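First the structure, in the form of structure tokens, and then the observations on it.
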Amino acid sequence: MIEREGVPLQVEPRTMALLMLLVERAGEVVSRQEIEEQVWAGRVVGYDALTQTIAKLRRALGDDSHCPRYVLTVPKGGYQLIAPVTPDDRSVPGAEDVRTAPVRQLTWLRPPVGAIVVALVVLVGAIAAYVLRAPAKAPIDPARGRPSIAVLPFVNHSEGGARPHLAEGLTEDLNLSLTRVPELFVIANNSALAFRDRQLDVAAVRRQLGVRYAVVGSVQSSGSAIRVQAQLIDTESGNQLWAQRYDQPQGDLFSIQDQISDAIATRVLPQVQEAEKRRARHKPTENLDAYDLFQRARSEKHKLNAEGETKATELLRQAISLDPNFAEAHVLLGWAGGLLRVFTGGGPSFEESLASIHRGLELNSNLSIGYQALAQVLTFMKRNEEAAKAGLKAIEINSNDAENHIMFSRAASTAGWYRQAVESAQKAIELNPLYPKWYPFIYSRALYADGQDVQAAEVCIDGMARQAFIGTAVMCIAALERLGRHDEAMHMLQTFRTMAPQMDLKLVLESYGFRDEQLHQRFRRELSAAGLT
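The working numbering applies: residue 7 is where the sequence shown begins, and numbers increase by one.
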């Protein structure tokens, strides 16, 4: 127990375990690796799991990272308890007791398109039904009160590797469907992608994603037929809990999706309103070729570079030519176009990109990805309040989707909603522990705007070490210069110039600047001091 001014405070088991470890090693610098090995019992965790736990401990102690009285951050070293430690006669649970407290997560799915889409709906329902039917067995995450599940990438068994993006689309759509089941905690699709092209190791899934249940499956397209197979696995025992195979003509791809959707509605979500059932049955498009182009474009767009965005816009225009009412394709076209303009200064105007997004939302007003895209492009256009509100709308549509939280954080940190930006980024990382490269950029940006410069530098440096990204490099330069680490800032500037030689100070400020003039000018000064012109 922690007491402050005689008042007992409730803290999470993991936070208490961290405190006990630091107390045991009072006065010593404890490395991040040692803390993860002791407090997380060797489990592989995202970088920010420790950063967030340190922040919770500081809040409980009433500590300040800028002028610490209890916990000191030692750059490149770890953390040190600097307050004096006096033994207390009252019994305190050992650190080992709280370190071993189970902390688990859960993941789910969304409906895809065509034959794949069909199998998806039935699959979601059957999986959710099994997991939710036996609440006594389902492990409950103390912080969330929900069992956890992950959808691993479906394997493409089609002849000659044909239509590889159908398997990717099924996986992602099934994941999104499950995020709409409020009783479950669903790990983000991006984290599950770490297991693509790997032999199934249930123990590794449980260890790295922290889930009790995993969905695995395959898609096979042969001639005029398509087959979807799926299994639900208990990651603790390794047992198969449920399995189903779906065979349909390729023209009935959506029929499989409908079957899966019906299973969700009738067996898993009897308490959900009819509107939610209709949303679960949403078909992105009736045209399988358009859907395949869309999935390929989505992969290109996620590369977040000029070449990827250029290719994405080309593929999306082809998809829209096949199906002019493909809402998601219109939205992604606007988003990719906006990013292309940021990366190159050319491509579609922001107004054109915004029009594409609005067209998609006219076709389907419940697309959370539409509001993600709207939030980002409006941010590029300096319409910051509108951008932040669009981000909130995405979260309102689906609060279990990590991308909704991270995109809101991006808009909020620009609009001046700094505390909300930090909290939303932390929520996104909780939902997506093996997060993609843009998460450290957005999280470090929120921390920087909120004045948490040490944490901002830690997050962006680690992000660059994991997977380099232009925005993360920019935040590293500013945060390091702010901390007086000029040589490191200059080194990061060289890395940035290699990644984005066409981006000068003016374009960087237009793309990554802040609404608040004082903060914006500080950002400009720090980038200039490091040598960006």
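Beta carbons: idealized from backbone N, C-alpha and C, even for Gly.
Computed from a predicted model, the values in this text were never measured in an experiment.
**Report entry** From HIS526, LEU176, MET505, residue whose alpha carbon lies closest to that of LYS512
**Finding:** The count along the sequence shown starts at 1 and reaches residue 512 at position 506. Ranking the options by Cα distance to LYS512, first place goes to HIS526.
Report task. Under 8 Å by Cβ, that's how I've got GLU549 and GLY314 pegged, so tell me the actual separation to the nearest angstrom. Result -> Beyond the ends of the chain as shown, which are 7 and 539, falls residue 549; an answer cannot be given.
Query - Alpha-carbon to alpha-carbon, ALA209 and GLY344 - result: Within the sequence shown, numbered from 1, the residue matching residue 344 stands at position 338. Within the sequence shown, numbered from 1, the residue matching residue 209 stands at position 203. Each residue's Cα considered, the two are about 41 Å apart.
Query raised in the report: With respect to the alpha helix (DSSP H) encompassing VAL222, which residues constitute its N-terminal and C-terminal limits?
Result: Within the sequence shown, residue 222 is the residue found at index 216, counting from 1. Segment 219-228 is the beta strand (DSSP E) holding VAL222; no alpha helix (DSSP H) there.
Requested in this report: Measure the Cβ-Cβ separation of ALA421 and ARG521 and say whether it is below 8 Å.
Outcome: Taking the first residue of the sequence shown as position 1, residue 421 is located at position 415. Taking the first residue of the sequence shown as position 1, residue 521 is located at position 515. It is a contact, given that the beta carbons lie within the stated cut-off.
Query - DSSP state of GLY397 mapped onto helix, strand, coil - result: Taking the sequence shown and counting its residues from 1, the one referred to as residue 397 is at position 391. Reduced to three states, the DSSP call for GLY397 is helix.
**Report entry** CA nearest to the CA of SER154, picked from VAL192, GLU174, ASN162, LEU180
**Finding:** What you label residue 154 is simply residue 148 of the sequence shown in a count that begins at 1. When only C-alpha atoms are compared, the closest one is VAL192.
Query - Backbone CA spacing between GLN226 and ARG491 [nearest angstrom] - result: On the sequence shown, residue 226 is found 220 positions in, with the first residue counted as 1. On the sequence shown, residue 491 is found 485 positions in, with the first residue counted as 1. Their Cα atoms are separated by approximately 54 Å.
Query - For TYR445, the nearest candidate out of GLU18, GLY477, MET509, ALA200 (CA to CA) - result: Looking up residue 445 in the sequence shown gives position 439. If we check each option's Cα against that of TYR445, GLY477 comes out closest.
Query - Per-residue DSSP class, three states only, for ALA484 - result: Residue mapping note: residue 484 aligns to position 478 of the sequence shown, counting from 1. Helix at ALA484.
Requested in this report: Please work out which residues of its chain come closer than 6 Å, Cβ to Cβ, to ALA296, disregarding the five sequence neighbours upstream and downstream, and give them in chain order.
Outcome: As a first step, residue 296 must be located in the sequence shown, where it is residue number 290. So the qualifying residues of the chain are ALA325, LEU328, ASP329, PHE332.
Report task. Check whether the Cβ atoms of VAL35 and GLY84 lie closer than 8 Å to each other. Result -> Numbered from 1 along the sequence shown, position 29 holds the residue referred to as residue 35. Numbered from 1 along the sequence shown, position 78 holds the residue referred to as residue 84. Yes; because the gap between Cβ atoms is below 8 Å, this pair is in contact.
Query raised in the report: Helix, strand or coil: how does DSSP classify TYR445 here?
Result: As a first step, residue 445 must be located in the sequence shown, where it is residue number 439. In the structure shown, TYR445 sits in a helix (DSSP, three-state: H, G or I).
Query raised in the report: If you check the beta carbons only, do ALA540 and GLY397 fall under 8 Å apart?
Result: In the structure as shown, the chain begins at 7 and stops at 539. Residue 540 is therefore absent and cannot be evaluated.
Query raised in the report: Taking buried to mean at least 16 other C-beta atoms within 10 Å of its own C-beta, is VAL428 buried or exposed?
Result: In the sequence shown, residue 428 corresponds to position 422, counting from 1. VAL428 should be labelled buried.
Query raised in the report: Exposed or buried, which one is ASN603 when buried takes at least 16 other CB atoms within 10 Å?
Result: Since the first residue of the chain shown is 7 and the last is 539, residue 603 is not available in this structure.
Report task. Output the distance between the C-alpha atoms of GLY353 and ALA452, rounded to the nearest integer angstrom. Result -> Position 347 of the sequence shown, counted from the first residue, corresponds to residue 353. Position 446 of the sequence shown, counted from the first residue, corresponds to residue 452. The C-alpha of GLY353 lies about 28 Å from the C-alpha of ALA452.
Query raised in the report: If you draw a straight line from the alpha carbon of VAL80 to that of ILE412, how long is it in whole angstroms?
Result: For the purposes of this step, residue 80 is identified with residue 74 of the sequence shown, where counting begins at 1. For the purposes of this step, residue 412 is identified with residue 406 of the sequence shown, where counting begins at 1. Cα atoms of VAL80 and ILE412: separation of roughly 28 Å, rounded to the nearest angstrom.
Query raised in the report: Which word fits GLY175, buried or exposed, when buried means at least 16 other C-beta atoms lie within 10 angstroms of its C-beta?
Result: Taking the sequence shown and counting its residues from 1, the one referred to as residue 175 is at position 169. Buried, by the Cβ-count rule.
**Report entry** Per-residue DSSP class, three states only, for ASP240
**Finding:** Sequence index remark: in the sequence shown, residue 240 carries index 234 (1-based). Note: ASP240 maps to strand in three-state DSSP.
Query - Runs of alpha helix (DSSP H) wholly within the stretch 326-381 (minimum 4 residues, chain order) - result: 333-350, 356-369, all fully within the stretch 326-381.
Query raised in the report: Got a sec? Which residues, its chain only, sit under 7 Å from ARG528 by beta carbon, not counting five neighbours each side?
Result: Your numbering for residue 528 matches position 522 in the sequence shown. So no residue of the chain qualifies.
Requested in this report: Provide the residue span of the alpha helix (DSSP H) that contains ALA32, from first to last.
Outcome: For the purposes of this step, residue 32 is taken as residue 26 along the sequence shown, with counting starting at 1. Per DSSP, ALA32 belongs to no alpha helix (DSSP H) and is neither H nor E.
Query raised in the report: Taking the alpha-carbon positions, what's the PRO442 to SER197 distance?
Result: To locate residue 442, count along the sequence shown from 1; it is residue 436. To locate residue 197, count along the sequence shown from 1; it is residue 191. Rounded to the nearest whole angstrom, the C-alpha separation of PRO442 and SER197 is 8 Å.
Requested in this report: Just confirm the distance between the C-beta atoms of LEU87 and GLY33, as a whole number of angstroms; I'd bet it's less than 8 Å.
Outcome: The residue labelled residue 87 in the question sits at position 81 within the sequence shown. The residue labelled residue 33 in the question sits at position 27 within the sequence shown. The C-beta distance from LEU87 to GLY33 rounds to 7 Å, short enough to fall under 8 Å.
**Report entry** Beta-bridge pairing of GLN500 - partner residues as DSSP gives them
**Finding:** For the purposes of this step, residue 500 is taken as residue 494 along the sequence shown, with counting starting at 1. Its beta-bridge partners do not exist; DSSP assigns none.
**Report entry** Cut-off 6 Å between Cβ atoms - residues of its own chain near PRO99, not counting five sequence neighbours on either side
**Finding:** As a first step, residue 99 is located in the sequence shown; it is residue number 93 there, counting from the start. Reliability of the predicted coordinates at PRO99 is poor, the pLDDT of 38 falling under 50, and the value obtained from them is presented with this limitation in mind. Around PRO99: no qualifying Cβ.
Query - Under 8 Å between C-beta atoms of VAL234 and GLY223 - result: Position 228 of the sequence shown, counted from the first residue, corresponds to residue 234. Position 217 of the sequence shown, counted from the first residue, corresponds to residue 223. In this structure, GLY223 lies closer than 8 Å to VAL234 by Cβ.
Requested in this report: Return the first residue and the last residue of the alpha helix (DSSP H) that VAL91 is part of.
Outcome: For the purposes of this step, residue 91 is taken as the residue at position 85 of the sequence shown. Following the DSSP letters along the chain, one finds VAL91 in no alpha helix (DSSP H), marked with neither H nor E.
Query raised in the report: By DSSP, does GLY422 sit in helix, in strand, or in coil?
Result: Here residue 422 refers to the residue found at position 416 when the sequence shown is read from its first residue. DSSP places GLY422 in coil when its eight states are reduced to three.
Query raised in the report: Which partner residues of TYR252 appear in the DSSP bridge assignment?
Result: The count along the sequence shown starts at 1 and reaches residue 252 at position 246. Looking at the DSSP output, TYR252 sits in a beta bridge with VAL234.
Report task. Take the Cβ of ASP240 as the centre, count every other Cβ of all protein chains shown within 10 Å, and call the residue buried at 16 or more, exposed below. Result -> What you label residue 240 is simply residue 234 of the sequence shown in a count that begins at 1. It counts as buried.
Requested in this report: Return yes when the Cβ of ALA312 is within less than 8 Å of the Cβ of LEU367, no when it is not.
Outcome: Indexing the sequence shown from 1 puts residue 367 at position 361. Indexing the sequence shown from 1 puts residue 312 at position 306. It is not a contact, given that the beta carbons lie outside the stated cut-off.
Query raised in the report: So who's on the other strand from LEU78, going by DSSP bridges?
Result: For the purposes of this step, residue 78 is taken as residue 72 along the sequence shown, with counting starting at 1. Paired residues: GLN86.
Report task. Leaving out five residues on either side along the sequence, give the residues of the same chain with a beta carbon under 7 Å from the beta carbon of LYS309. Result -> To locate residue 309, count along the sequence shown from 1; it is residue 303. Cβ neighbours of LYS309 within its own chain (closer than 7 Å, five residues either side excluded): none.
Query raised in the report: Per DSSP, ALA156 is paired with what?
Result: Walking along the sequence shown from the start, residue 156 turns up at place 150. Answer is ALA220.
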